[in-house]
Amino acid sequence: MTYIIIGSFCFIMFFLYDFNSVTWKNPFIHRFFLLGSVFLLITTLRMVAQFRKSLLEGAVASPQWFILFMGFSILLVYTLFFALPFDDTYANLSRNRKVYTSGVYALCRHPGVLWFMGMYFSFYFLTKDPLILKISIIWSFWNILYVIFQDLWVFPKTFEDYHIYQANTPFLIPNRSSLRRLKHKT
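Its first residue numbered 15, the sequence shown is counted upward by one per residue in this note's numbering.
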């Protein structure tokens, strides 16, 4: 239950970070995305440590789930912290910025949600622990609410060309057009 509460708190920090980036522009609250990310990472690493025995047993019994877990983990970190220009994305509080539409962001508007869900659900399939399933469901729910908030309110106010990105790029589920764009842009 502690993991669920900490993860939920992290998402509240993400919501406050984005709300702040549009309204208050408080430098202290501007740190909440990084802090929430660090807390979520530490919580996830603690979960991995706590469930390491069943995780390793699952990796031996079902190596495909371990490969997916690792692949989704790498994609998530890459998508959030390396695929985007870091300073423009996380350090700059200005409005009227341009949307980044290359790489994985040509695939869908919120690819991190796909990797996040894939990582936690493959973690569950490795451990078969009901707590990990609950965490996967609850944190994925928070994540989907978070990107809906971003997509409907934050990003249209932050990026001057977001309406074009919304019209041309699917919300969460890639389609043929976005897959072709991904192939051509990379």
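Glycine included, every Cβ here is placed at the ideal spot set by N, Cα and C. Predicted model, so just to flag it, every value in this text is computed and none were measured.
{"Query": "Three CB pairs or more closer than 8 angstroms across the segment 130-137 and the segment 65-84", "Result": "yes"}
{"Query": "Simplified DSSP assignment, three categories, for R190", "Result": "helix"}
{"Query": "Beta-carbon proximity check, P188 vs C122, cutoff 9 angstroms", "Result": "yes"}
{"Query": "CA-to-CA distance, V118 to T183, given in whole angstroms", "Result": "11 angstroms"}
{"Query": "Rounded distance between the beta-carbons of I149 and Y17, thought under 8 angstroms", "Result": "5 angstroms"}
{"Query": "Whole-number beta carbon distance between G126 and T93, since they are thought to touch under 8 angstroms", "Result": "5 angstroms"}
{"Query": "Cα-Cα separation between V168 and K67, rounded to whole angstroms", "Result": "41 angstroms"}
{"Query": "Collapsed DSSP secondary structure at F185 in the structure displayed", "Result": "coil"}
{"Query": "Three-way DSSP call (helix, strand, coil) for R123 in this model", "Result": "coil"}
{"Query": "Beta-carbon proximity list for R195, same chain, < 7 angstroms, skipping 5 on both sides", "Result": "A120"}
{"Query": "Proximity below 9 angstroms, CB of W153 to CB of G21", "Result": "yes"}
{"Query": "Beta-carbon proximity list for L89, same chain, < 6 angstroms, skipping 5 on both sides", "Result": "W129"}
{"Query": "Where the alpha helix (DSSP H) through A63 begins and ends", "Result": "46-64"}
{"Query": "Cβ neighbour criterion (16 or more within 10 Å) applied to L166", "Result": "exposed"}
{"Query": "N- and C-terminal bounds of the alpha helix (DSSP H) containing Q78", "Result": "77-91"}
{"Query": "Limits of the alpha helix (DSSP H) - the one that N34 falls within", "Result": "16-36"}
{"Query": "Same chain, Cβ closer than 7 angstroms to S192, five either side skipped, listed in chain order", "Result": "A120, L121, C122, T183, P184"}
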